[in-house]
Amino acid sequence: MNDMKMTAQAAGLFATYDVPDFFCELLNRRDIPPSGLQLVRDRLACFDPGELRRRAAAVEAQFYRLGITFTVYSDSEAIDRVLPFDVIPRVLTAAEWDHVERGVQQRVQAINLFLHDIYHDRHILRDGVVPEHLVLGNANYCQAMVGLDVPGGVYVHVNGTDLVRDRDGRFLVLEDNARTPSGASYVLENRQMMLRLMPDLATGLDIRPVDEYGPRLHRALAEVAPAGVANPQVVLLSPGIYNAAYFEHVFLAREMGIPLVEGRDLMVEDGRVYMRTVGGPRPVHSIYRRLNDDFLDPLVFNPDSLLGVPGLVDAYRRGNVTLANAIGTGVADDKAVYAYMPRIIRYYLDQDPILTNVETHICGEPEGLAYTLANLEHLVVKPVGESGGYGLLIGPHATQAQLDEFRALLRADPANYISQPVISLSVSPTLCPGGVEGRHVDLRPFAVTGRNTWVLPGGLSRVALRKGSLVVNSSQGGGAKDTWVLAS
Amino acid sequence: MGSGIMTQVSAFPPPVLPGLRNLLSRYAESTMWLARYMERIENMARLIEVTGSSVQASNMDAGWDSVIRINADDALFFQHHEAATERSVVSFYITDRDNPDSIVSMARCARENARVLRPLISTEMWMHLNVFTRWVMELGPDDVGAGDLSPLCTRLKQDCQTHFGITEGTLYRDQAWLFYILGKNLERADQITRLIDIKYHTLLPSGADVGSDIDLSQWTSVLRSAAAYHAFRRVLPEGMTPANIVGFMLKNDGFPRSLSASLRSVDGALSSLAGEYRLRHCSPILERLEELRVTLVEQTVEDIIMRGLHEYMDWIQRQLRQIQNDIAHAFWPPVVSVQA
Chain A
221 MNDMKMTAQA
231 AGLFATYDVP
241 DFFCELLNRR
251 DIPPSGLQLV
261 RDRLACFDPG
271 ELRRRAAAVE
281 AQFYRLGITF
291 TVYSDSEAID
301 RVLPFDVIPR
311 VLTAAEWDHV
321 ERGVQQRVQA
331 INLFLHDIYH
341 DRHILRDGVV
351 PEHLVLGNAN
361 YCQAMVGLDV
371 PGGVYVHVNG
381 TDLVRDRDGR
391 FLVLEDNART
401 PSGASYVLEN
411 RQMMLRLMPD
421 LATGLDIRPV
431 DEYGPRLHRA
441 LAEVAPAGVA
451 NPQVVLLSPG
461 IYNAAYFEHV
471 FLAREMGIPL
481 VEGRDLMVED
491 GRVYMRTVGG
501 PRPVHSIYRR
511 LNDDFLDPLV
521 FNPDSLLGVP
531 GLVDAYRRGN
541 VTLANAIGTG
551 VADDKAVYAY
561 MPRIIRYYLD
571 QDPILTNVET
581 HICGEPEGLA
591 YTLANLEHLV
601 VKPVGESGGY
611 GLLIGPHATQ
621 AQLDEFRALL
631 RADPANYISQ
641 PVISLSVSPT
651 LCPGGVEGRH
661 VDLRPFAVTG
671 RNTWVLPGGL
681 SRVALRKGSL
691 VVNSSQGGGA
701 KDTWVLAS
Chain B
1202 MGSGIMTQVS
1212 AFPPPVLPGL
1222 RNLLSRYAES
1232 TMWLARYMER
1242 IENMARLIEV
1252 TGSSVQASNM
1262 DAGWDSVIRI
1272 NADDALFFQH
1282 HEAATERSVV
1292 SFYITDRDNP
1302 DSIVSMARCA
1312 RENARVLRPL
1322 ISTEMWMHLN
1332 VFTRWVMELG
1342 PDDVGAGDLS
1352 PLCTRLKQDC
1362 QTHFGITEGT
1372 LYRDQAWLFY
1382 ILGKNLERAD
1392 QITRLIDIKY
1402 HTLLPSGADV
1412 GSDIDLSQWT
1422 SVLRSAAAYH
1432 AFRRVLPEGM
1442 TPANIVGFML
1452 KNDGFPRSLS
1462 ASLRSVDGAL
1472 SSLAGEYRLR
1482 HCSPILERLE
1492 ELRVTLVEQT
1502 VEDIIMRGLH
1512 EYMDWIQRQL
1522 RQIQNDIAHA
1532 FWPPVVSVQA
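Residue numbers (the numbering used here), protein chains in the order written: chain A, 221 to 708; chain B, 1202 to 1541.
Quick look at the structure:
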């Protein structure tokens, strides 16, 4: 309705802040801001950029000392890069979070029902809700999973849902990550760092804690262990120290208090999984694997891979060990299936989606194709199939020739495309070389599912550090922000 | 009252804590090697520093060849260098990335092992190791000039000792700690026997002159390179003879870097693994170790020198290598691929 009225005090740090056309997470929200949010604004306004910069430098130095890095390898040299961290938090109100949390839980529930269905009776395919070829012809559909009952019907134990906000501040789902979503460790580390470096900003605020993540994850993994095991041994399976996400693997194993193993630490005998210890083989019951399907078991998937464990899939199929996430979940976070997610939610749950997708036109359907062809210059067109290779078309930035070329591609193979409007992502005040400026952000909440689904309050807020950029990816120079969920 | 205290004690049997009996073989191996590399870096820094300060007075480049011999690197070194000068030896042992025994190479190995161990070691340990190894790995030729050598070695030694201190103060006492002790002390035992072997022969004018006039400052440098100078002085203020010095470094149980003290620590760690943690395969290793300790106790240093110090040091080194192999074979045996 009315933009937030700046108090005289609030002008300070934000005096030159200007985000004309976007939803700002902190400053031009349209609701009446709760007192907590107001407090953050007023406190931030009292900082001068120099002081913020001093603290940002301290954060970076500390991350570096701690080796909280992702690793980029070139030749034989390992270069550890610190994920750029912005000291201005992104704050979500209790009401906003309640909406996100319920939406994520609903989505995870639907995804798990969908996965069970497509690996069993395939009702949703027979009822024609989702085209059969999208699922059965999907490169991520795993034959070894057909007919297998996984403990508790849980396929996706850890899920990361990528959300953005549009011009009206509405949360929209951009993508589901149902395989091995990364980033939870940064959420916990960023919080530690924030509370140490900016205690004066957080004091007295009722911010929901994030440190429950490790125990919750451990409990969920124990809950889904094979039946009849009194004290299940949970391990985290990592590709090893050369993996870019190794820090996260270490962090999660520590938070859970479980061994971090590599494929060579595990062995399978008589369909049971053991880890090699100094006291001999010890049974393993539940594996949080941070290794893609293709590398899990050279006997079933890629025979050249040395990262996995020969016989693991056999042990899994015999029900002697649980894998989290299950094999073959990639079929649910596919771009093509994403387009059907609102229908999948309605089909299994008989509910409207709480979190909506970005408006998506399925070119494989006549209306979708017609709409896309007619509005191409306003749309983003994405190939969905694994055969891809065509890349994206960003309509507003395309030349007439590119538009024409894409129209031909669309007509030739419409089922390979979806189209979406360009979203004006929300911005969050961010410390930039020229002062505090608005930068685009997204949000990845993490959901942990054992007997039920728990969502880590907040999640990873990624921020595009380049002015105007919509790309928040860390490999593209994106950074991270702490996400504060206010309890009241 | 007395019995009350006894009751209290018996309420705390040796800890058998959940999850700690299952040390991954790979972690045990990395823990051992982390300790070995840090100990080796410290010894190398000590040796370079002492060599640097003891040769300065006379001929700048004399004495540097002994560093190469102690480390048995003759072949590799002379492939790339014509003579053992201060400059060539120092760069070979500090910054040469192609030399696996250089401090830079060892720091890299320490770091790789520490990365493997990150789930296990304390944050304090990791943070210090991370900063230290990064610093070492960035050392270049400009950092090891003659004037910078002593402060550089001092910092290297201090950082290693800080590492040992942090580890002692923060590493959880379970199987991993015992493998750490094994690594550190096997390395110490190995280093001190190398040092004695080479220095003894270098410094002794001839076999017949045992106990005759020798250059006191040279023997002082031997003691200093083993960090034994002040301890020796305290124990034997008048006895700066080769036999006394060798005896002190081999047999004095009060000196923490002596061969006998190192072997005792190895024995303690192995016995705990066998006893508290009931790990099998320890007995043959303990037997081999016991044989080694018995020979050391039963012979006087004069006997040892008379029968051949070099041969004895050589035999000990072979036994130490065998112990390392036995440990590897017992606790991280080669992976036999399982085919379903």
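Glycine included, every Cβ here is placed at the ideal spot set by N, Cα and C.
inquiry  = Between glutamate 1313 of chain B and chain A, is any beta-carbon pair separated by less than 8 angstroms?
reply    = yes
key: Cβ shell of threonine 1363 of chain B (< 7 angstroms), same chain only, five flanking positions each side left out   = His1329
query = Taking only beta-carbon atoms, is alanine 473 of chain A less than 8 angstroms away from chain B?
reply = yes
request  = Check distances from the C-beta atoms of the segment 1309-1336 of chain B to those of chain A and list, in chain order, the residues that come in under 8 angstroms.
outcome  = Glu1313, Arg1316, Val1317, Arg1319, Pro1320, Thr1324, Trp1327, Met1328, Asn1331 and Val1332
key: threonine 1296 of chain B versus serine 648 of chain A: straight-line alpha-carbon distance, rounded   = Cα to Cα, threonine 1296 of chain B sits roughly 46 angstroms from serine 648 of chain A.
request  = List the residues of chain B whose Cβ lies closer than 7 angstroms to the Cβ of valine 498 of chain A, in chain order.
outcome  = The answer, in chain order, is Leu1224, Ser1226, Ala1229, Gln1376, Leu1480 and Phe1532.
message = Contact criterion: CB-CB distance below 8 angstroms. Does aspartate 570 of chain A meet it with respect to chain B?
response = For aspartate 570 of chain A, the answer is no, since every Cβ of chain B falls outside 8 angstroms of its Cβ.
request  = Under 7 angstroms Cβ to Cβ from alanine 684 of chain A, same chain only, skipping five residues before and after it: list those, please.
outcome  = Arg659, His660, Leu690, Val691, Val692 and Gly698
query = From what residue to what residue does the beta strand (DSSP E) around cysteine 244 of chain A run?
reply = In the DSSP assignment, cysteine 244 of chain A falls outside any beta strand (DSSP E) and carries neither an H nor an E.
request  = Give me the Cα-Cα distance between serine 1226 of chain B and threonine 497 of chain A, rounded to the nearest whole angstrom.
outcome  = 5 angstroms
message = Here's the rule I'm using: 16 or more other beta-carbon atoms within 10 Å means buried, otherwise exposed. How should proline 1535 of chain B be labelled?
response = Proline 1535 of chain B is exposed by the Cβ-count criterion.
query = If you check the beta carbons only, do isoleucine 338 of chain A and valine 604 of chain A fall under 8 angstroms apart?
reply = no
message = Can you list, in chain order, the residues of its chain with a C-beta nearer than 6 angstroms to that of asparagine 672 of chain A? Leave out the 5 residues immediately preceding and following it.
response = none
ask   = According to DSSP, which residues form a beta bridge with lysine 701 of chain A?
value = A:Asp306 and A:Ser681
query = Are at least three pairs of beta-carbons, each pair with one atom in the segment 494-512 of chain A and one in the segment 529-547 of chain A, less than 8 angstroms apart?
reply = Contact between the segment 494-512 of chain A and the segment 529-547 of chain A is present, because at least three Cβ pairs lie under 8 angstroms.
query = What three-state label does DSSP hand threonine 580 of chain A in the structure shown?
reply = The answer is coil: DSSP assigns threonine 580 of chain A none of H, G, I, E or B.
query = In three-state terms, what does DSSP make of threonine 650 of chain A?
reply = strand
query = So which residues on chain B does isoleucine 461 of chain A lean against when the C-beta distance must stay under 9 angstroms?
reply = Glu1313, Arg1316, Val1317 and Arg1319
ask   = At a CB-CB cut-off below 7 angstroms, which residues of chain B make contact with arginine 285 of chain A?
value = Met1328, Asn1331 and Val1332
ask   = Taking C-beta to C-beta, are alanine 1308 of chain B and valine 1337 of chain B nearer than 8 angstroms?
value = yes
request  = Rounded to whole angstroms, what's the CA-CA distance from serine 458 of chain A to valine 481 of chain A? Just pull it up for me.
outcome  = 6 angstroms
ask   = Taking three-plus beta-carbon pairs below 8 angstroms as touching, is the segment 1374-1384 of chain B in contact with the segment 1451-1470 of chain B?
value = yes
ask   = So with Cβ pairs under 8 angstroms, would you call methionine 414 of chain A a contact of chain B?
value = no
key: Interfacial residues, the segment 623-638 of chain A to chain B, with Cβ spacing under 8 angstroms   = none
ask   = Okay, do the segment 523-537 of chain A and the segment 561-570 of chain A touch, 3+ Cβ pairs below 8 angstroms being the bar?
value = Per the Cβ contact rule, the segment 523-537 of chain A is not in contact with the segment 561-570 of chain A (fewer than 3 Cβ pairs under 8 angstroms).
inquiry  = How far does the beta strand (DSSP E) with arginine 502 of chain A in it extend, from its first residue to its last?
reply    = Annotation for arginine 502 of chain A: the continuous beta strand (DSSP E) segment containing it runs 500-503.
request  = Just confirm the distance between the C-beta atoms of leucine 1493 of chain B and glutamine 1518 of chain B, as a whole number of angstroms; I'd bet it's less than 8 angstroms.
outcome  = No, leucine 1493 of chain B and glutamine 1518 of chain B are not in contact; Cβ-Cβ is about 11 angstroms, not under 8 angstroms.
query = Of the residues A:Arg327, A:Gly270, A:Pro304 and A:Val260, which one's Cα is nearest the Cα of aspartate 570 of chain A?
reply = Selected option, being the one with the closest Cα: A:Arg327.
For leucine 415 of chain A and cysteine 1483 of chain B, the rounded distance between their alpha carbons = 48 angstroms
query = Which residues, in order along the segment 498-517 of chain A, keep a beta-carbon less than 8 angstroms from a beta-carbon of chain B?
reply = Val498, Gly499, Gly500 and Arg502
query = If you draw a straight line from the C-alpha of proline 665 of chain A to the C-alpha of leucine 676 of chain A, how long is it?
reply = 7 angstroms
Under the three-state DSSP convention, the category arginine 509 of chain A falls into = DSSP, read as helix, strand or coil, puts arginine 509 of chain A in strand.
task = Please report how far the alpha carbon of serine 1292 of chain B lies from the alpha carbon of aspartate 1266 of chain B, in whole angstroms.
result = 13 angstroms
ask   = Would you call the segment 529-538 of chain A and the segment 485-497 of chain A in contact, with 3 or more CB pairs under 8 angstroms?
value = A contact is defined here as three or more CB-CB pairs under 8 angstroms, and the segment 529-538 of chain A meets this definition with respect to the segment 485-497 of chain A.
One or two residues paired with glutamine 640 of chain A in a DSSP bridge = Here glutamine 640 of chain A is bridged, per DSSP, to A:Val600.
query = Among the residues of its own chain, which have a CB less than 6 angstroms from the CB of glutamate 1325 of chain B, if the five just before and after it don't count?
reply = Ile1367 and Thr1371
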